[in-house]
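Peer 1:
2 protein chains.
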Amino acid sequence: MIEQVRVVLIAPRNPLNIGAAARAMSNFGFTQLRLVNPYAVAFREARSAVNAGAILQGAREYATVADAIADCTLVVGTTAGTHRELQHPLYRLEYGGRLMRKHSGRIALLFGSEKYGLSNEDMTYCHWLMRIPTREEHGSMNLGQSAAVCLYELIRTAPKVKPEPRKQATSEAVERLTKLLEDVLERAGYVHDESTEAKTRRLVRRMRISEHDAEIWAGMLRQILWKIGQG
Amino acid sequence: MIEQVRVVLIAPRNPLNIGAAARAMSNFGFTQLRLVNPYAVAFREARSAVNAGAILQGAREYATVADAIADCTLVVGTTAGTHRELQHPLYRLEYGGRLMRKHSGRIALLFGSEKYGLSNEDMTYCHWLMRIPTREEHGSMNLGQSAAVCLYELIRTAPKVKPEPRKQATSEAVERLTKLLEDVLERAGYVHDESTEAKTRRLVRRMRISEHDAEIWAGMLRQILWKIGQG
Chain A
0 MIEQVRVVLI
10 APRNPLNIGA
20 AARAMSNFGF
30 TQLRLVNPYA
40 VAFREARSAV
50 NAGAILQGAR
60 EYATVADAIA
70 DCTLVVGTTA
80 GTHRELQHPL
90 YRLEYGGRLM
100 RKHSGRIALL
110 FGSEKYGLSN
120 EDMTYCHWLM
130 RIPTREEHGS
140 MNLGQSAAVC
150 LYELIRTAPK
160 VKPEPRKQAT
170 SEAVERLTKL
180 LEDVLERAGY
190 VHDESTEAKT
200 RRLVRRMRIS
210 EHDAEIWAGM
220 LRQILWKIGQ
230 G
Chain B
0 MIEQVRVVLI
10 APRNPLNIGA
20 AARAMSNFGF
30 TQLRLVNPYA
40 VAFREARSAV
50 NAGAILQGAR
60 EYATVADAIA
70 DCTLVVGTTA
80 GTHRELQHPL
90 YRLEYGGRLM
100 RKHSGRIALL
110 FGSEKYGLSN
120 EDMTYCHWLM
130 RIPTREEHGS
140 MNLGQSAAVC
150 LYELIRTAPK
160 VKPEPRKQAT
170 SEAVERLTKL
180 LEDVLERAGY
190 VHDESTEAKT
200 RRLVRRMRIS
210 EHDAEIWAGM
220 LRQILWKIGQ
230 G
C-alpha cells in the first residue's frame, strides 16, 4: 500500500512545509513525492536544506495536476471542507484511509497550497475528498502536520493484539509480600486487627504488581523488618 | 477526554514548534498547554506570533516536570524509542491512545525537547511511554507533527458507520439508460448482436451509477440519438 501512494503538493510556497511533508513521508515509509507548479525558490530551498533526504532529491515536478496524476487509478483530495459547496463525496480521514488501503492501484494523495487549499478545478480530478476531523471553528491545518496525520492514518494498524504485559507476580509471591507488610506494620505498632489485615491484603492486590517489582518490594520490607528488629 | 489532557512540552527551543503544537491542539480541540523550562526567547516569540491564539496566551510555565504534572493521575511520555534501553512499558500510539481514552482523570502527555527528546529523568515521571509507529531508520519526528499525530489519534473515531452513499439509480433507471445506449450504438453502426447486448448491459451496471448521474447520461445519450437521427 505504501508503495502505491504518490504524495502530490499543489503550488506549495513555503520551503519549510515542503521539507516537513517530505519528513513525514520518510517517517512513515512513503517515498514518492510530486510537486505541481511549486514556487521555484521554495522548492530550491527545500532541496538544499541540510536535512533534505532522498525523497526531496527524487521529487518530481509537474506543470499541471493532470500530468501529476496521469498514472494513478485513484485520486484523493484533502480539504478542510468547510468553506465551499463540495461537488464530491467527502469522507472523514478514518474512512477515507480505509478506502485507500483497499485500493489496489496507484493512488495520488493531493494537498492544496498553504493559502488556498485545493481549487475547485483541482478537485475535478479527484474521485473523492477526505478531511481530517478537525474542529469546525479551526479546521485548517498546517501543511506539514496535515500530511503527517494523513500518512499516519494510512500506516496505522488497529491495535488488535494487546502488547505483552510485564510478567505479573504469582499469587504466592503476592501473598508473601502481604505477610511481610503485615509483619512490618505489626512490629511498627500500626493498628492491627482483622479488618486491617483484610485491608492490607486488598491493598497489596490492587498494586497488580509485576514479578520483578514484587521482589524489589520484598527486599525493601525485609530490610525495614530487620531495622525495626534492631531497634 | 479532550478536557482531561494537558499537553506538556519539555524544554522546547523553537518558537515555530511551540506554535505548531498549539495549532494542532486548536485543530483537534485541546486547550491546556504547559511548558517546562522553555527557552525564554522561543516562548516569547511563539506568544507574540500573529496567529498565536488563546492556547498560547493561556499556556502555563513550570520549572520542573514534577510541577507540571502534579495534578495529573496518568502521565504518558512520547518517544521515538529506539536509542536507549527503556525501563518503561512502551506502547504503539494506537494502543496507548486507547488506554488514554479509557482513563478517567487528568492526563499529562509529555513531549521532549526537539534535540534530545525526553531524558531518562523525565521518563521516571511517566506511567508508560508511547511511540508513533515510524520507520526504524527514521524514527524521530518533528515536534509539531508528532503532537498533531498523537492528538489526532486521541480524537480519532473508528469508522464503524459507512458514510451515506449517494442515492443510487434504480434498476429501472439503469435499464432505461442501457436501452438508450443500445439504441445509440445500433444507430451508430456499432456491431450489434446478442453478445454485444449482454456486454452493454453489464457495462452500464458496472458504472454503479447514482440517480443524479443517470439523468445526466440519459440526457447526453438522447441528444446523441437525436443528432444521429438528423444525419
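Keeping their order, the protein sequence lines are chains A and B. End of the first sequence sits at 230 in numbering that gives the first Met the number 0; the numbers just go up one at a time, nothing left out. End of the second sequence sits at 230 in numbering that gives the first Met the number 0; the numbers just go up one at a time, nothing left out. Where is the CB? At the ideal position from N, CA and C, for every residue including glycine. Bear in mind that the values here come from a model prediction, so they are computed numbers and not experimental data.
(1) Please tell me whether leucine 179 of chain A and arginine 221 of chain A are closer than 9 angstroms, where the distance is taken between their beta carbons.
(2) Determine, using beta carbons only, whether valine 6 of chain A comes closer than 9 angstroms to chain B.
(3) Please return the same chain residues whose Cβ sits closer than 7 angstroms to the Cβ of alanine 187 of chain B, not counting the five positions on each side in sequence.
(4) Run through chain A and tell me which residues come within less than 7 angstroms of arginine 46 of chain B, C-beta to C-beta.
(5) Looking at the secondary structure, which residues open and close the alpha helix (DSSP H) in which phenylalanine 42 of chain B lies?
(6) What are the residues of the segment 49-61 of chain B that lie near chain A, defined by any Cβ-Cβ distance shorter than 9 angstroms?
(7) So what's arginine 33 of chain A in DSSP terms, helix, strand or just coil?
(8) Check whether the Cβ atoms of glycine 152 of chain A and alanine 157 of chain B lie closer than 9 angstroms to each other.
(9) Quick one: using the 10 Å Cβ neighbour count with 16 as the cut-off for buried, is aspartate 121 of chain A buried or exposed?
(10) Using DSSP's beta-bridge definition, name the partner residues of glycine 76 of chain B.
(11) Quick check on glutamate 113 of chain A: buried or exposed, where buried means 16 or more other Cβ atoms within 10 Å of its Cβ?
(12) Counting only the same chain and skipping the five closest in sequence on each side, list residues whose C-beta sits under 8 angstroms from that of glutamine 167 of chain A.
(13) I need the straight-line Cα distance from leucine 184 of chain A to glycine 116 of chain B, nearest angstrom please.
(14) Hey, is the segment 103-110 of chain A in contact with the segment 60-79 of chain A, meaning 3+ C-beta pairs nearer than 8 angstroms?
(15) Taking the beta strand (DSSP E) that isoleucine 9 of chain A belongs to, which residues open and close that run?
(16) Between the segment 135-154 of chain B and the segment 13-32 of chain A, do at least 3 Cβ pairs fall closer than 8 angstroms?
(17) Verify whether the separation of the beta carbon atoms of methionine 129 of chain A and arginine 100 of chain A is less than 9 angstroms.
(18) With a cut-off of 8 angstroms on the beta carbons, I'd call leucine 55 of chain B and glycine 76 of chain B a contact; round off their distance for me.
(19) So with CB distances below 7 angstroms, who are the chain B contacts of valine 148 of chain A?
(20) Just to make sure I have the definition right: I need the residues of chain B whose C-beta is within less than 9 angstroms of the C-beta of threonine 72 of chain A. Which are they?
(21) So who's on the other strand from glutamate 60 of chain B, going by DSSP bridges?
(22) From the DSSP output, in three-state form, read off tyrosine 90 of chain A for me.
Peer 2: Taking the geometry as given:
(1) Counting from 1 along the first sequence, the entry for residue 179 of chain A is found at position 180. Counting from 1 along the first sequence, the entry for residue 221 of chain A is found at position 222. Yes. Within cutoff.
(2) The sequence position of residue 6 of chain A within the first sequence is 7, counting from 1. No, its Cβ sits nowhere closer than 9 angstroms to a Cβ of chain B.
(3) Stepping through the second sequence from its first residue, residue 187 of chain B is reached at position 188. So the list reads Ile227, once near-sequence residues are dropped.
(4) By one-based count along the second sequence, residue 46 of chain B stands at place 47. Simply none; closest approach about 18 angstroms.
(5) Taking the first residue of the second sequence as 1, we reach residue 42 of chain B at position 43. Per DSSP, phenylalanine 42 of chain B belongs to the alpha helix (DSSP H) from 39-47.
(6) Gly52
(7) If you number the first sequence from 1, residue 33 of chain A lands on position 34. Strand.
(8) For the purposes of this step, residue 152 of chain A is identified with residue 153 of the first sequence, where counting begins at 1. For the purposes of this step, residue 157 of chain B is identified with residue 158 of the second sequence, where counting begins at 1. The sequence given here has glutamate at residue 152 of chain A, not glycine. Not a contact, by the Cβ cut-off of 9 angstroms.
(9) Looking up residue 121 of chain A in the first sequence gives position 122. Classification of aspartate 121 of chain A: buried, given that the 10 Å Cβ count is 16 or more.
(10) Translated into positions along the second sequence, residue 76 of chain B becomes position 77. According to DSSP, which records beta bridges pairwise, glycine 76 of chain B is partnered with B:Leu109 and B:Leu128.
(11) Stepping through the first sequence from its first residue, residue 113 of chain A is reached at position 114. Flag for glutamate 113 of chain A reads buried.
(12) In the first sequence, residue 167 of chain A corresponds to position 168, counting from 1. Arg207, Ile208, Ser209 and Glu210.
(13) For this step, residue 184 of chain A is matched to residue 185 along the first sequence. For this step, residue 116 of chain B is matched to residue 117 along the second sequence. Computed Cα separation, rounded: 42 angstroms.
(14) yes
(15) As a first step, residue 9 of chain A is located in the first sequence; it is residue number 10 there, counting from the start. Note, isoleucine 9 of chain A: beta strand (DSSP E), 4-9.
(16) yes
(17) In the first sequence, the residue the question calls residue 129 of chain A occupies position 130. In the first sequence, the residue the question calls residue 100 of chain A occupies position 101. It is not a contact, given that the beta carbons lie outside the stated cut-off.
(18) Within the second sequence, residue 55 of chain B is the residue found at index 56, counting from 1. Within the second sequence, residue 76 of chain B is the residue found at index 77, counting from 1. Actually they do not touch by this definition, with Cβ atoms about 23 angstroms apart.
(19) Within the first sequence, the letter at position 149 stands for residue 148 of chain A. Residues of chain B passing the Cβ test: Ala147, Val148 and Tyr151.
(20) Numbered from 1 along the first sequence, position 73 holds the residue referred to as residue 72 of chain A. The premise fails here: threonine 72 of chain A is roughly 15 angstroms from chain B at the closest Cβ pair, so nothing lies under 9 angstroms.
(21) Counting from 1 along the second sequence, the entry for residue 60 of chain B is found at position 61. DSSP output for glutamate 60 of chain B lists B:Leu34 as bridge partner(s).
(22) Position 91 of the first sequence, counting from 1, holds the residue named residue 90 of chain A. Strand at tyrosine 90 of chain A.
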